[in-house]
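Below you'll find the structure, written out as structure tokens, and then a few comments.
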Amino acid sequence: AIFGGDASGLPPEIMNEWLKNVAAFEQNYAEGKQETVREILGNPEFKDESELGDEAFAGENEKLMNLLEDNGIDVDFARERDDRFKYRFITGELFDHSTTLTPVPGMVTCFSYEEFHPDHELEIEGKTKEFLDAFFERNIRQVGNHLLAEEHVLPEGRTVPREDIYKRFDAMYEAIPEFKNPTYQLEKIDFELKDDESELSGMGYSEGTVAYYPIFKDGKTGRVEGPFKIYFGMQWNWWTVYFFYLSGFNMWPKKENDSE
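This is the structure:
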């Protein structure tokens, strides 16, 4: 194992303990059998949330949270949810979920509510922000492969490979070494899903405004302000960008080896 960054200075006994936890996890996964979360937790009994008054619910919920913590299980909710909502999901749905993962001392098994109930609006919002942040931070190549579709649609309707889009970003970054005071405002998200029985697919978009000061090589600057619109396609429950309009982006020259 290679421990980099801040972890490189850890004491050997801590590294050893962590590696033993990883080995135990791998062994449990390889030898694990399908069990429900309820069975992993020892088949606990919890009352239905709708039958509990506030005081009784507080006691049951505390017992539930302690049980999960003692067994190294964490349940994540991307949106803000109240305790009763979480309790209903965990005892009414997650408990019956079948898994081969078993708790390992020193490690945490994480479940996400959105894995059971995808929040497409929230995912499009997150990927819009990730795309714009990557654009302004000039690292679109580093994060783009999971954000950008393999084929992109141009305004005239032709498609080009993702690499051609990267080359356009490269050309812009070469002309503009820095973006100053970048801001954006997300104003609308919309999407439509299609279930053709073989897989769930969909299309969606996000739109809003951007503003920034491009700093050119010679030190000159100007202000770019205007709309953006990002189009998403979804396959296998994964949203990717296949077309976008971003104020200021289309004015920059293409690389000579750009295939368009």
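The opening residue of the sequence shown carries number 30 in the numbering used here; numbering runs sequentially from there. Even glycine gets a Cβ: it sits at the ideal position worked out from N, Cα and C. As the structure is a computational prediction, the values presented were derived from the model and not from experiment.
| task | Could you say which of T250, G251, G255 and T65 lies nearest to T238 if we only look at CA atoms? | result | Translated into positions along the sequence shown, residue 238 becomes position 209. The residue from T250, G251, G255 and T65 with its alpha-carbon nearest to that of T238 is G255.
| task | Compute the beta-carbon to beta-carbon distance between T138 and L130, rounded to the nearest angstrom, for a pair I have assumed lies under 8 angstroms. | result | Taking the sequence shown and counting its residues from 1, one reaches residue 138 at position 109. Taking the sequence shown and counting its residues from 1, one reaches residue 130 at position 101. 5 angstroms between Cβ atoms; contact.
| message | Please state whether the Cβ-Cβ distance between S127 and T65 is less than 8 angstroms. | response | Here the question's residue 127 lines up with position 98 in the sequence shown. Here the question's residue 65 lines up with position 36 in the sequence shown. Contact: yes.
| said: Measuring only from the beta carbon, is E68 closer than 7 angstroms to any heavy atom that is part of the ligand FAD? | reply: Ligands are entirely absent from the displayed structure, and the ligand FAD is therefore not among its contents.
| field | Enclosing beta strand (DSSP E) for A240 [first to last residue] | value | On the sequence shown, residue 240 is found 211 positions in, with the first residue counted as 1. Looking at the DSSP string, the run of the beta strand (DSSP E) that includes A240 is L229 to I244.
| field | Extent of the continuous beta strand (DSSP E) to which T269 belongs | value | The residue you call residue 269 lines up with position 240 of the sequence shown. Run containing T269: W267 to L275, per the beta strand (DSSP E) assignment.
| said: So for H181, helix, strand or coil by DSSP? | reply: In the sequence shown, the residue the question calls residue 181 occupies position 152. The answer is strand: DSSP assigns H181 an E or B state.
| query | With distances taken from CA atoms, which of S79, H149, I153 and M136 is nearest A118? | reply | Position 89 of the sequence shown holds residue 118. The question names Ala, but residue 118 is Phe in the sequence shown. The candidate whose alpha carbon is nearest that of F118 is S79.
| said: Please classify G71 as buried or exposed, where buried requires at least 16 other C-beta atoms within 10 Å of its C-beta. | reply: Start at 1 with the first residue of the sequence shown, and residue 71 comes out as number 42. Answer is exposed; the Cβ neighbour count stays below 16.
| field | Sheet register partners of V104 (DSSP bridge) | value | Locating residue 104 in the sequence shown gives position 75, counting from the first residue. Paired residue(s): F140.
| task | Look up T65 in the DSSP assignment and say whether it is helix, strand or coil. | result | On the sequence shown, residue 65 is found 36 positions in, with the first residue counted as 1. Correct three-state label for T65: strand.
| Which residues DSSP lists as bridging L222, in chain order | Numbered from 1 along the sequence shown, position 193 holds the residue referred to as residue 222. Answer is G231, bridged to L222.
| Since G88 is in the alpha helix (DSSP H), which residue starts that stretch and which ends it? | Position 59 of the sequence shown, counting from 1, holds the residue named residue 88. Start and end: D83 to D99.
| task | Find the nearest neighbour of E185 within the set K49, G277, L39 and F273, judged by alpha-carbon distance. | result | Reading the sequence shown from its first residue, position 156 is the one you call residue 185. For the residues K49, G277, L39 and F273, the minimum Cα distance to E185 belongs to F273.
| Rounded straight-line distance, which links the Cα of P211 to that of L222 | Position 193 of the sequence shown, counted from the first residue, corresponds to residue 222. Position 182 of the sequence shown, counted from the first residue, corresponds to residue 211. Computed Cα separation, rounded: 33 angstroms.
| query | Where does K217 fall in DSSP's three states? | reply | Sequence index remark: in the sequence shown, residue 217 carries index 188 (1-based). Note: K217 maps to strand in three-state DSSP.
| Close Cβ partners of I153 (< 7 angstroms) along its chain, the five nearest in sequence each way excluded | For the purposes of this step, residue 153 is taken as the residue at position 124 of the sequence shown. The residues are I218, F220, G233, S235, F261 and W268.
| task | Would you tell me roughly how many angstroms separate the C-alpha atoms of E42 and L48, rounded to the nearest one? | result | Position 13 of the sequence shown holds residue 42. Position 19 of the sequence shown holds residue 48. In a straight line, the C-alpha of E42 is about 10 angstroms away from that of L48.
| Integer Cβ distance of E144 from A107, believed to fall under 8 angstroms | Residue mapping note: residue 144 aligns to position 115 of the sequence shown, counting from 1. Residue mapping note: residue 107 aligns to position 78 of the sequence shown, counting from 1. With 8 angstroms as the limit, E144 and A107 do not qualify as a contact, their Cβ atoms being about 10 angstroms apart.
| said: Which residue wins for smallest C-alpha separation from M136, given the options F32, Y116, R113 and D103? | reply: Here residue 136 refers to the residue found at position 107 of the sequence shown. Of the listed residues, the one whose Cα sits closest to M136 is D103.
| query | Which one of R191, D112 and Y241 has the shortest CA to CA distance from E166? | reply | Mapped onto the sequence shown, residue 166 falls at position 137. Here the closest residue by C-alpha is Y241.
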